[in-house]
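One structure is given here, and the rest of the page talks about it.
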Amino acid sequence: MKIVPGPEVSSTSKLCCSFFLLAAPSFVLGSIGSNLDPSSYSNVEEFKPSHLSFDMEVNFDTNQVDGTVTHTLTALTDEADTVYMDVWDAVQVYTAEYMVLSMMDMGNVTTMNSTLTNSTLINSTMPVDDECPTNWIMVSFEISTPNPNIGDALAVALPCTMSAGTQFYLKLKYSTIQDNTAISWMTPAQTAGKVYPYMYTLCQMNFCRDFAPMMDTPSQKITYDATVIYPVALAAKMSANITSEEAYNETHAISTFESTIKIPSYLIAIVVGDLVTVPLNDRLSIISEPAYINASVAEFEEMPEILDIVEDYLTPYIWGSYALVIMPPSFPWGGMEHPLITFASHTLIVGDKSRVSTAIHELTHSWFGNDVGCQNWGNFWINEGMNTFAERKTLSILRSVEDMKIAYYTSNITMAGDIEDYGVDHPYTSLNPDIGDDDPENYFSKIPYEKGSQFVYYIESLIGEELMEILLKEYLEFFMQQAITQQDFYPFYEAFVLKNFDSAKANDILNKTMWDVWVTEPGYPPVVQDFYTEELADAESLADDFMAIGVGLDPSDILDLLNGTVAGKVLLVEYEEYFDFNPDQKLLFVQTLRKNESGVVDATFLGFVDAALNITASTDPYVRTEWYQMGIEADYDAVMDPCYEWLGYQGRHAFVTSTFKVMVASGMCDTALVWFDDRKDFYNSYVVSGVTKALEPCSA
Ligand SMILES: [Zn+2]
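Next comes the structure, spelled out in structure tokens:
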């Protein structure tokens with residue numbers, strides 16, 4: 158990467174950030190970046206992307222994707238002659254070709270690129286400047302790194318200036334390299350089946366620029382199509398409809414895909430592996446490796462009912478089909494909401510459908526995020542806060558209002574930890590921080606999810622459940638297919654309230670909403686809402702009962718205590734109610750112990766709790782992670798072996814990275830380094846970098 162001092166910038170240029178001034182490539186006459194998204198170099202206010210056409214081979218011999226991506230772009234001004242895109246270190250760009258779309262091409266589209274569809278051409282106004290070539294010509298490009306936090310800027314020099322409205326193509330030939338933040342390459346040993354390799358992509362937030370050079374910003378929505386060559390023994394799926402699938406040669410197959418509904422770049426996705434598909438009905442299916450397809454289907458058999466509930470509460474599902482892909486164990490997230498093929502962690506397969514809420518969350522993203530989404534990562538709550546509200550509303554209809562409240566309550570505890578980690582005055586505890594030059598991943602926490610959803614829940618308390626449902630329906634219709642900010646949202650909200658209440662009441666509601674306090678100010682939510690339920694009280698009081706008899710606990714008393722025979726102690730005759738708790742109650746029980754307000758939690762005490770409840774053997778992903786971490790903090794050795802196994806059984810960022818952090822904080826650097834060494838080939842690169850960061854104090 159080279160940084161080239163830039164020339165004087167013309168007064169018409171729109172520079173979003175000071176660092177860009179220092180590093181514009183030498184031939185630039187246009188501007189870099191936009192006012193819409195500080196985390197992208199793409200000059201989307203000068204050139205608007207509308208379609209991407211991929212032609213690629215997924216190569217498991219080299220762990221590379223090789224191919225071309227053809228961008229359909231429209232000039233928005235008369236002057237700009239440099240297109241900026243985003244790219245990252247693991248993408249090597251070989252050539253750039255340019256062609257303007259002429260009237261003649263309209264009648265001869267198939268000779269240009271067989272996969273470009275007429276739908277990409279219809280809206281062009283077709284002014285073509287005489288000097289712009291209407292056949293492919295090579296153009297020069299340059300890559301620089303103005304801001305290492307967001308990758309590299311690819312500047313493509315156009316051979317002519319075009320009038321505003323001109324549509325043209327840029328075709329970029331590229332390869333990815335193995336060490337890639339967007340693509341996970343798995344050896345057969347890393348899969349459940351152990352026979353075939355596996356690959357998948359995960360582009361959120363800024364990683365699609367490591368999959369292919371593109372305008373990688375949520376501010377722009379595009380359609381895409383793809384032609385993919387891959388080993389014939391495997392299946393390929395994308396966040397797009399499959400339009401053909403056939404043999405390419407003896408060893409490889411070729412499939413074509415088409416995404417006709419506009420999406421932001423971070424929702425482009427591909428997965429290639431030994432995959433089987435089991436339909437649940439004519440719209441929904443479950444996909445996974447053969448080893449856990451039956452368990453996956455059983456765990457998520459309620460999805461048709463859930464989709465019906467969501468469509469009834471919101472608006473009709475627009476994407477056609479929906480598949481839940483249960484990912485290999487090292488998948489780093491609970492889920493990722495790619496349209497048509499949501500990815501979900503295999504840790505959700507608990508056996509009792511108790512973690513279906515994550516699958517609901519990914520499904521409701523089909524409305525919040527995938528349809529109406531955020532314009533930049535500083536408005537992430539537009540995706541996650543709105544969506545978490547929709548998820549929990551669905552849960553309340555599917556299960557109960559109590560289940561919904563428990564989810565708010567326990568997640569609020571997790572969010573409080575994130576707020577304390579940042580510091581309550583830190584800008585990233587706000588719902589709308591200025592991310593500026595920072596890596597947007599640094600803003601990723603529970604706060605956009607929980608503070609955001611609590612804000613929506615608060616609005617519901619002001620306008621009522623019935624109007625809230627109408628508000629969400631109208632929001633989805635009004636902002637359909639748009640990328641918005643909170644500044645776009647507020648006037649819509651204000652108009653909705655004024656329309657539905659008399660002016661005195663409307664003004665009262667708008668005042669009480671405290672939009673700016675909720676959205677722009679850092680810190681805890683400004684209104685403490687009551688999510689407490691009887692079930693939560695039961696969980697906390699059982700934890701309190703345990704701690705009450707834990708004072709001065711003699712290990713030899715443990716069995717007697719459970720049998721109710723120790724004189725002078727309040728006996729725990731009711732302790733078996735724990736086994737009837739739902740998973741979130743169990744989690745709250747463990748969280749309550751972990752707060753250790755009584756000061757009794759030590760290794761002996763945890764041994765006592767374990768003798769009664771056997772939490773070390775829990776199969777719930779959240780309960781066991783919380784329990785192991787508390788055990789590490791309390792030097793409770795019994796959790797160490799199960800914890801080590803757990804960290805190799807799954808590779809979820811939320812479980813793995815936080816556990817290593819706890820080990821470091823508990824003075825267990827030596828063990829942590831050994832464990833990480835054993836596991837790091839198994840983890841996704843995102844988790845490897847997270848744990849590496851967590852272990853930094855160990856080498857200080
Ligand atoms: Zn989400």
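With the sequence shown counted from 1, adding 157 to any position gets you my numbering.
Just so you know, even glycine gets a beta-carbon here, dropped at the ideal spot from N, CA and C.
Legend entry - Asn-527 Cβ short of 6 Å to ligand 1 heavy atom set: no
Inset, instruction - Give the DSSP-derived three-state secondary structure of Asp-223 in the structure shown. - result: strand
Inset, instruction - Drop a sphere of 10 angstroms on the beta-carbon of Gly-542, count the other beta-carbons inside from all chains shown, and report buried for 16 or more, exposed for fewer. - result: buried
Inset, instruction - Label Ala-180 either buried or exposed according to how many other C-beta atoms from any shown protein chain fall within 10 Å of its C-beta, with 16 as the threshold for buried. - result: The pLDDT assigned to Ala-180 is 41, lower than 50, so where the model puts this residue is not dependable, and the model offers no usable value.
Inset, instruction - Let me know the secondary structure DSSP gives Glu-403 once reduced to three states. - result: strand
Inset, instruction - Check the DSSP bridge columns for Glu-203 and list the partner residues they point to. - result: Glu-203 is not bridged to any residue.
Inset, instruction - Keeping to the same chain, check which residues put their C-beta closer than 6 Å to that of Phe-653; ignore five residues upstream and five downstream. - result: Leu-628
Legend entry - C-beta contact flag for Gly-808 and Pro-354 at 7 Å: no
Legend entry - Separation of Thr-358 from Gln-335, as counted between CA atoms: 12 Å
Legend entry - Collapsed DSSP secondary structure at Phe-414 in the structure displayed: strand
Legend entry - Residue environment, Asn-292, which counts as buried when at least 16 other CB atoms sit within 10 Å: exposed
Legend entry - Glu-548 CB to nearest heavy atom of ligand 1 below 6 Å: no
Inset, instruction - Output the boundary residues of the beta strand (DSSP E) element that contains Leu-329. - result: 324 to 333
Inset, instruction - Decide if Leu-552 is buried, meaning its Cβ has at least 16 other Cβ atoms within 10 Å, or exposed. - result: buried
Legend entry - Counterpart residues of Trp-342 in DSSP-defined beta bridges: Met-356
Inset, instruction - Mind listing, in chain order, the continuous alpha helix (DSSP H) runs of no fewer than 4 residues lying wholly within the region 448 to 497? - result: 450 to 456, 460 to 470
Inset, instruction - Have a look at Glu-790 and Gly-492 and give me their C-alpha separation to the nearest angstrom. - result: 29 Å
Legend entry - Local Cβ density within 10 Å of Lys-608, reported as buried at 16 or more and exposed below that: buried
Legend entry - First through last residue of the alpha helix (DSSP H) which encompasses Ile-517: 513 to 521
Inset, instruction - Give the straight-line distance between the Cα atoms of Asn-536 and Ala-705, rounded to the nearest whole angstrom. - result: 45 Å
Legend entry - Per DSSP, cross-strand counterpart(s) of Ile-294: Tyr-255
Inset, instruction - Taking 7 Å as the cut-off, decide whether the C-beta atoms of Ser-442 and Ala-480 are in contact. - result: yes
Inset, instruction - Report the rounded CA-to-CA distance for Met-797 versus Tyr-785, giving the unit in angstroms. - result: 7 Å
Inset, instruction - Say yes only if the C-beta of Asn-668 is nearer than 6 Å to one or more non-hydrogen atoms of ligand 1, and no if none qualify. - result: no
Inset, instruction - Pick helix, strand or coil for Asn-216, following the three-state DSSP scheme. - result: strand
Legend entry - Asp-798, DSSP secondary structure in three states: helix
Legend entry - For Ala-129, the first and last residue of its enclosing beta strand (DSSP E): Residue 129 is absent from the model: the chain starts at 158 and stops at 857.
Inset, instruction - Please name the residue in Pro-388, Ala-314, Leu-315, Asp-439 whose C-alpha comes closest to that of Glu-462. - result: Asp-439
Inset, instruction - Find the nearest neighbour of Lys-394 within the set Asp-777, Tyr-579, Phe-746, Val-215, judged by alpha-carbon distance. - result: Val-215
Legend entry - Extent of the continuous beta strand (DSSP E) run through Leu-311: 309 to 314
Inset, instruction - Put Glu-622 into one of helix, strand or coil per three-state DSSP. - result: helix
Inset, instruction - Please decide whether Gly-756 counts as near chain D, where near means a Cβ-Cβ distance under 7 Å. - result: Any reference to chain D falls outside this structure, which holds one protein chain only.
Inset, instruction - Could you pull out every residue in the same chain whose Cβ sits closer than 7 Å to the Cβ of Ala-829, ignoring the five residues on either side in sequence? - result: Phe-817, Met-820, Val-821, Leu-852, Cys-855
Legend entry - Thr-670: first and last residue of the uninterrupted alpha helix (DSSP H) it sits in: 660 to 670
Legend entry - Neighbourhood of Asp-838 by C-beta distance below 6 Å, restricted to the same chain and skipping five residues each side: none
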